[in-house]
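Below: the structure, in structure tokens.
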Ligand code: AMP
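Residue numbers (our numbering): 1237 to 1518.
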């Protein structure tokens, strides 16, 4: 299986393929791959001649050094999983210096206010880090299509906004959230959960599903209150935030407006592991 560590080597190959009219799909990841990632890869492989999966733990999107250090890294196992999924996939696994040259620093972006909501409030600088790495990957790979999970819904909207504002010629595709059997959204961080807690973490999705039911008859505020209460009854999961927001602007919903779409978003700590999830409410 082709694993590229150097951007020049990958770029040479891709530019030759582009000249032959081949389309390129990109799936940016931080590795420790699971079925959520693989579903993005499968979609890209269906829709493009060539699929590139980048595996890069991007330091500038971590506001917490400990989280960056403990982030699982497993390139060999990831390569095996990708090979089993599709032996034609190209892996791009650069070193930090290859992406950032001398200074490991983010560029600053204006994402029309999306960056000030939720994850942006609780993870300072996170979306500047995301914007920086995704823009660089787009410059290196020059994909026709790129695939992002709705698991990181705010990130998906931010990438779409960046592409529009910077006139980057790539089509962004949002892909549905893959879940473990108990409903827990798949995440590389789930590996860090003690087994018992991982089993119990289906609770998070259960609460989101209840929120979707309640939203049919309750105000956004009342729906949020029930979520807060349910987490208070389960202190092993510490709710960091819950928000009900417009799916396009991510502005918090003060009341329901006809013809608007809403989602519920939560961030939860389980034994120091930070988990996020979201659900469409209408
Ligand atoms: P990450 O490696 O966590 O940065 O994720 C890489 C890509 O996979 C992002 O676009 C994520 O939104 C997506 N992703 C992560 N987990 C899931 C999941 N459970 N279902 C679908 N997509 C996911």
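Every residue, glycine too, gets a C-beta built ideally from N, C-alpha and C.
Residue i Cβ short of 7 Å to the ligand AMP heavy atom set
| i | result |
| --- | --- |
| residue 1275 | yes |
| residue 1354 | no |
| residue 1396 | no |
| residue 1265 | yes |
| residue 1414 | yes |
| residue 1292 | no |
| residue 1422 | yes |
| residue 1385 | yes |
| residue 1272 | yes |
| residue 1364 | no |
| residue 1388 | yes |
Distance, residue j Cα to residue i Cα
| i | j | result |
| --- | --- | --- |
| residue 1371 | residue 1501 | 25 Å |
| residue 1466 | residue 1446 | 10 Å |
| residue 1491 | residue 1455 | 6 Å |
| residue 1440 | residue 1419 | 8 Å |
| residue 1517 | residue 1338 | 45 Å |
| residue 1260 | residue 1342 | 26 Å |
| residue 1307 | residue 1437 | 19 Å |
| residue 1483 | residue 1258 | 34 Å |
| residue 1310 | residue 1290 | 13 Å |
| residue 1336 | residue 1379 | 20 Å |
Residue i - partner residues in DSSP beta bridges
| i | result |
| --- | --- |
| residue 1415 | 1421 |
| residue 1290 | 1264, 1328 |
| residue 1409 | 1383 |
| residue 1479 | 1501 |
| residue 1240 | 1328 |
| residue 1517 | Paired residues: none, contrary to the question. |
| residue 1511 | 1504 |
| residue 1473 | 1506 |
| residue 1456 | Per DSSP, none; premise fails for residue 1456. |
| residue 1488 | 1481 |
Cut-off 8 Å between Cβ atoms - residues of its own chain near residue i, not counting five sequence neighbours on either side
| i | result |
| --- | --- |
| residue 1304 | 1293, 1295, 1298 |
| residue 1384 | 1264, 1276, 1391, 1392, 1395, 1408, 1409, 1410, 1411 |
| residue 1242 | 1330, 1334 |
Contacts around residue i, its chain only, beta-carbon distance under 7 Å, and the 5 residues preceding and following it disregarded
| i | result |
| --- | --- |
| residue 1442 | 1419 |
| residue 1489 | 1456, 1480, 1481, 1482, 1498 |
| residue 1476 | 1358, 1503, 1504, 1505 |
| residue 1507 | 1429, 1430, 1433 |
Beta-carbon proximity list for residue i, same chain, < 6 Å, skipping 5 on both sides
| i | result |
| --- | --- |
| residue 1268 | 1308, 1310, 1424 |
| residue 1288 | 1262, 1326, 1328, 1377 |
| residue 1347 | 1394, 1397 |
| residue 1319 | 1237 |
(message) Count Cβ pairs between the segment 1315 to 1333 and the segment 1356 to 1369 that sit closer than 8 Å; are there 3 or more?
(response) no
(request) Report yes or no: do the segment 1397 to 1404 and the segment 1416 to 1431 share at least 3 C-beta pairs separated by less than 8 Å? (result) no
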